[in-house]
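Note that the UniProt record's numbering gives residue 84 to position 84 of the sequence shown, counting from 1, and the numbers run on in steps of one.
Here a beta-carbon is modelled for each residue, glycine too, at the ideal position from N, C-alpha and C.
All values derive from a computational prediction rather than experimental measurement.
Before any comments, here is the structure.
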Amino acid sequence: MKRLPATLATVLMLLSASAQADVTAGLTAFFAQRLAGISDEVQVTVKSPQSNWPACDNPAYSLPGNARLWGNLSVLARCANDKRYLQVTVQAYGEYVVASAPVARGSELNDGNLRLQRGRLDQLPPRAMLSLDQARQSQTLRDLAPGQTLTMSMVRQPWRVKAGQRVMVIATGQGFSVNSEGQALNNAAVTQNARVRMANGQVVSGTVDNDGNILITL
1 MKRLPATLAT VLMLLSASAQ ADVTAGLTAF FAQRLAGISD EVQVTVKSPQ SNWPACDNPA
61 YSLPGNARLW GNLSVLARCA NDKRYLQVTV QAYGEYVVAS APVARGSELN DGNLRLQRGR
121 LDQLPPRAML SLDQARQSQT LRDLAPGQTL TMSMVRQPWR VKAGQRVMVI ATGQGFSVNS
181 EGQALNNAAV TQNARVRMAN GQVVSGTVDN DGNILITL
């Protein structure tokens, strides 16, 4: 009988560790899915005490639509009618754009003075560029040093689509793709959002690709 308290404490400790592993694994999978194509490695630390954790085995996690996807965040965990907010820290690793050589102000950025570097995305400055397409053919607004992280505020991007221009809209879904022509309603650079009025008068919105097409995912 004297060993019961120690045994019970061990069991409770193991159950607590298992619950923590389940919640962490669930949150890691949630953020990995949200960051697919941006980050290749995600690490989540739950900061809320265990008394605030969801009570079910498979809670549904969600974030506000405009929420950041890394750093210190508040995540909603839902179990049927029970809602809990968890405070978490998300570390995300992936590639971002840096200068590969000194670049003078007013110069055009290209593959000769740009490169991708892997590191902590959650430690980057705001609006850091995560793909070379965001930087190519842009004009620098300041001098850049080798290895310096590029942000959208450091460059002036050329318009890939201009208001009034005829553009091709490519809508894709699971197992299908539909192309249709329309008229751009705003200026937009590559990877930016463009609004298009279709032949039937409907206005749609999508992302500009390198060829000036407007991509919509259904």
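I need the straight-line Cα distance from residue i to residue j, nearest angstrom please.
i: ARG115; j: LEU150; result: 10 Å
i: GLY201; j: GLU181; result: 12 Å
i: GLY175; j: GLN50; result: 43 Å
i: LEU144; j: PRO102; result: 6 Å
i: LEU130; j: ARG84; result: 32 Å
i: ASN213; j: ARG160; result: 9 Å
i: ALA17; j: ARG120; result: Per-residue confidence for ALA17 stands at a pLDDT of 42, beneath the threshold of 50, marking its modelled position as unreliable; the derived number appears in the next sentence. Looking at the two C-alpha atoms, the distance is approximately 27 Å.
i: LEU141; j: ARG118; result: 24 Å
i: LYS47; j: GLY65; result: 22 Å
i: PHE31; j: ALA60; result: 12 Å
i: ALA55; j: ASP22; result: 12 Å
i: VAL11; j: GLN134; result: Per-residue confidence for VAL11 stands at a pLDDT of 38, beneath the threshold of 50, marking its modelled position as unreliable; the derived number appears in the next sentence. One C-alpha to the other measures close to 53 Å.
i: ALA163; j: GLN183; result: 8 Å
i: THR24; j: GLY37; result: 21 Å
Do residue i and residue j have their C-beta atoms closer together than 7 Å?
i: GLN192; j: VAL167; result: no
i: ALA171; j: LEU218; result: yes
i: GLU41; j: TYR96; result: no
i: LEU124; j: LEU69; result: no
i: VAL196; j: ASN210; result: no
i: GLY71; j: ASP122; result: yes
So, is residue i buried or exposed, given that buried needs 16 or more other C-beta atoms within 10 angstroms?
i: ALA199; result: exposed
i: SER62; result: exposed
i: ARG156; result: exposed
i: ASN206; result: A quick correction: the sequence has Gly, not Asn, at residue 206. Label assigned to GLY206: buried.
i: SER153; result: exposed
i: SER177; result: exposed
i: ASP111; result: exposed
i: ALA67; result: exposed
i: VAL203; result: exposed
i: SER39; result: buried
i: MET1; result: Since pLDDT at MET1 reaches only 48, below the 50 mark, its modelled position is unreliable, and no value is offered.
Would the C-beta of residue i count as close to the ligand ATP, meaning under 6 Å from any of its heavy atoms?
i: THR89; result: Ligands in the displayed structure: none, and consequently the ligand ATP is not present.
If I follow the unbroken beta strand (DSSP E) through residue i, where does it start and stop?
i: ASP40; result: 39-46
i: ARG127; result: That residue, ARG127, is in no beta strand (DSSP E); it is neither H nor E in DSSP.
i: CYS79; result: 71-79
i: GLN165; result: Run containing GLN165: none; DSSP gives neither H nor E here.
Does residue i have its Cβ less than 7 Å from a Cβ in chain B?
i: ASN213; result: Among the chains in the structure shown there is no chain B, since it carries only a single protein chain.
- Are three or more beta carbon pairs between the region 100-119 and the region 64-83 nearer than 8 Å? no
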